[in-house]
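Q: Numbering (the working numbering), first residue to last: 1109 to 1330. Handing you a structure now.
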């Protein structure tokens, strides 16, 4: 999953980037509200983490411009601890959730997971489930019929995206855009390798190749 972090506090941003990357997210970081308006509209993010106290353009105005442009990406806003008015204004402007500073990194990660599940229609599930698989995002492994299957970091990122988009045809270019940040070289051959590794672990029928189109996850559940 590809995230945009908009935060002008450099030490906090560095800490968040490291934690989010350990959780298997590809993250782009910006510190200026004006840059965020353009970047949020032009790149295919799965979720945006937005601080409200930004230089260039306040976070509330950034959010308002995104929503006015019909940007439907889930947005989690970060606010000062005692700024209840900012939280209310943020939710009114179209934020999907908020988190008050200071916060525990695990709470941020759990809120991100919940927002991503909600945005993909999995509102009643405490964990990510699809095609008979249960993804343990904390341990970055997958469970099937009670058996634990270990995953590499790259396999985990790819499987998580597949499980959030079951039975959808996903092209290699689409997958690359959502699995890598803006600085990472995107190689479709690398994706093929990881798909084949997942097939060996989960069964070949779990991920179907649609020639000229891409991949479809969850075929074995039919």
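Beta carbons: idealized from backbone N, C-alpha and C, even for Gly. The structure presented is a predicted model; accordingly, all values stated were derived computationally and were not measured.
Per DSSP, what kind of secondary structure is residue 1263 in: helix, strand or coil?
A: What you label residue 1263 is simply residue 155 of the chain shown in a count that begins at 1. In this structure, residue 1263 counts as helix in the three-state DSSP scheme.
Q: Between which two residues does the beta strand (DSSP E) carrying residue 1323 extend?
A: Working through the chain shown from its first residue, we reach residue 1323 at position 215. Element bounds for residue 1323: 1322–1325.
Q: I need the straight-line Cα distance from residue 1136 to residue 1185, nearest angstrom please.
A: Reading the chain shown from its first residue, position 28 is the one you call residue 1136. Reading the chain shown from its first residue, position 77 is the one you call residue 1185. So the two alpha carbons sit approximately 16 Å from each other.
Q: Express the C-alpha separation of residue 1139 and residue 1165 in angstroms, rounding to a whole number.
A: Residue 1165 sits at position 57 when you count from the first residue of the chain shown. Residue 1139 sits at position 31 when you count from the first residue of the chain shown. Between residue 1165 and residue 1139, the C-alpha separation is close to 10 Å.
Q: Flag this pair as yes or no: are the beta carbons of residue 1230 and residue 1236 separated by less than 8 Å?
A: Your numbering for residue 1230 matches position 122 in the chain shown. Your numbering for residue 1236 matches position 128 in the chain shown. In contact: residue 1230 and residue 1236 (Cβ atoms closer than 8 Å).
Q: Helix or strand or just coil, what does DSSP make of residue 1258?
A: Here residue 1258 is taken as the residue at index 150 of the chain shown, counted from 1. It is a strand residue.
Q: Three Cβ pairs or more, each shorter than 8 Å: is that satisfied between the stretch 1172–1180 and the stretch 1193–1202?
A: The stretch 1172–1180 vs the stretch 1193–1202: in contact.
Q: Taking just the CA atoms, how far does residue 1316 sit from residue 1330?
A: For the purposes of this step, residue 1330 is taken as the residue at position 222 of the chain shown. For the purposes of this step, residue 1316 is taken as the residue at position 208 of the chain shown. At residue 1330 the pLDDT is 41, less than 50, meaning the model places this residue with poor confidence and gives no usable figure here.
Q: Quick test of the definition: if touching needs 3 or more C-beta pairs under 8 Å, does the stretch 1140–1155 touch the stretch 1254–1265?
A: No, because fewer than three Cβ pairs between the stretch 1140–1155 and the stretch 1254–1265 fall closer than 8 Å, the two stretches do not touch.
Q: Helix, strand or coil for residue 1059 per DSSP?
A: Since the first and last residues shown for the chain are 1109 and 1330, residue 1059 lies out of range.
Q: Taking only three categories from DSSP, how would you classify residue 1205?
A: Stepping through the chain shown from its first residue, residue 1205 is reached at position 97. Here residue 1205 sits in strand by DSSP.
Q: Taking the alpha helix (DSSP H) that residue 1225 belongs to, which residues open and close that run?
A: Against the chain shown, residue 1225 aligns to sequence position 117. Segment 1213–1227, the alpha helix (DSSP H) holding residue 1225.
Q: Only counting the same chain, and skipping five residues up and downstream in sequence, which positions put a Cβ closer than 7 Å to that of residue 1213?
A: As a working mapping, residue 1213 is identified with position 105 in the chain shown. Cβ neighbours of residue 1213 beyond the five flanking positions: 1127.
Q: Looking at the unbroken beta strand (DSSP E) that takes in residue 1316, where does it start and where does it end?
A: Here residue 1316 is taken as the residue at index 208 of the chain shown, counted from 1. Note, residue 1316: beta strand (DSSP E), 1315–1318.
Q: If I measure Cβ to Cβ from residue 1221 and keep anything under 8 Å in the same chain, skipping five residues before and after, which residues do I get?
A: As a working mapping, residue 1221 is identified with position 113 in the chain shown. Cβ within range, chain order: 1236, 1245.
Q: Flag this pair as touching only if the stretch 1109–1116 and the stretch 1145–1161 have three or more C-beta atom pairs under 8 Å; answer yes or no.
A: Touching, yes, given that three or more Cβ pairs across the two stretches are closer than 8 Å.
Q: Hey, could you find the ends of the beta strand (DSSP E) residue 1251 is sitting in?
A: Mapped onto the chain shown, residue 1251 falls at position 143. Element bounds for residue 1251: 1249–1252.
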